[in-house]
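Presented below is the structure to which this report refers.
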Amino acid sequence: MSTIKNHVQLIGNVGQEPTITNLESGKKVARFSLATNEYYKNDKGEKVQNTEWHTVVAWGKTAEIIEKYAGKGKEIGVSGKLKSRSYEDNDGIKRYVTEVEANEILLLGIKNGNTSAE
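Right under this line is the structure:
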């Protein structure tokens, strides 16, 4: 049960081309936005779409897979955990950020090949 204490699973579309950074250590990090859509009917019976945006960060081999296969608009599944951090912006104001740290990516809608990556 302890493995599900901080666990996130999302399926959505990549919002923009992932930003890939090569660190001095040789490790790679990928950062991108992921849009998830929820649909429901309002009290008038009309279908309504609600879109939530998530910031996703991936390291190492997972970042390499994102770099190669997860471009803007691609539908993917992400499994990972929530990470929170704070920083000071250029005006000296402390900002807080919560991101999804991906440890597994599922490439959806791909023909010819393996769609799961770790």
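If you're matching positions, the sequence shown starts at 280 in the numbering used here and goes up one per residue.
For glycine and all other residues, C-beta sits at the position ideal for the given N, C-alpha and C.
Just so you know, these numbers come straight off a predicted model, no measurement behind them.
Within the same chain, and ignoring the five residues on either side of Ile299 in sequence, the residues whose Cβ sits closer than 6 Å to its Cβ are Ala309 and Glu346. In terms of Cβ geometry, Ala381 and Gly359 form a close pair [threshold 7 Å]. DSSP places Ala309 within a strand segment (E or B) once states are collapsed to three.
For Ala381, the secondary structure class from DSSP, reduced to helix, strand or coil, is strand.
Taking one beta carbon from each stretch, the segment 318–328 and the segment 336–350 have fewer than 3 pairs nearer than 8 Å; the two do not touch. Distance between Trp332 and Thr315, taken at the CA atoms: about 7 Å.
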